[in-house]
């Protein structure tokens with residue numbers, strides 16, 4: 018069941034990242050003076066995800082996600098036992114990752130951040 022949930026979260030995230038990574042390159046040669054070809058740069062997105070196993074995933078899913086979206090994803094795996102502390106610390110220090118997987122929305126700090134518009138709800 019957890020694998021199915023993780024796959025659905027990763028699939029949803031891949032779609033979101035795909036939308037983020039699909040920038041328009043039309044006319045880029047003209048913008049560069051017409052003498053240079055469009056340069057492909059690989060953007061990076063950071064993602065705080067909860068770790069429910071003893072070790073982080075092997076990387077196969079992450080590699081497929083990066084291949085599909087064309088965006089480098091830097092995962093910050095947080096052990097499930099310390100998720101509240103890590104999220105609270107990231108909120109307090111204004112150092113949240115680009116994507117945060119939240120399962121504990123009953124946390125008062127998270128709830129006030131949700132109410133203030135700090136997060137986008139992408140169910």
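In my numbering, the protein residues as written are 18 to 140. Note that the Cβ used here is the ideal one computed from N, Cα and C, for glycine as well. What you are looking at is a predicted structure, and each value in this text was computed from that prediction instead of being measured.
What residue from the options has the CA that sits closest to residue i's CA?
i	options	result
residue 92	132, 64, 138 and 139	64
residue 99	76, 129, 67 and 128	67
residue 60	138, 137 and 86	86
Is the separation between the beta-carbon of residue i and that of residue j shorter than 7 Å?
i	j	result
residue 108	residue 126	yes
residue 95	residue 82	no
Counting only beta-carbon separations shorter than 7 Å, does residue i have a partner in chain C?
i	result
residue 122	No chain C appears in this structure, which consists of one protein chain only.
Please go through the same chain and pick out, in chain order, the residues whose beta-carbon is closer than 8 Å to the beta-carbon of residue i, but skip the five residues on each side of it.
i	result
residue 97	67, 68 and 69
residue 80	none
Tell me, please, which residues DSSP counts as bridged to residue i.
i	result
residue 62	90
residue 67	95
By Cβ distance below 7 Å, which residues in the same chain neighbour residue i in space, the five residues on each side in sequence not counted?
i	result
residue 134	none
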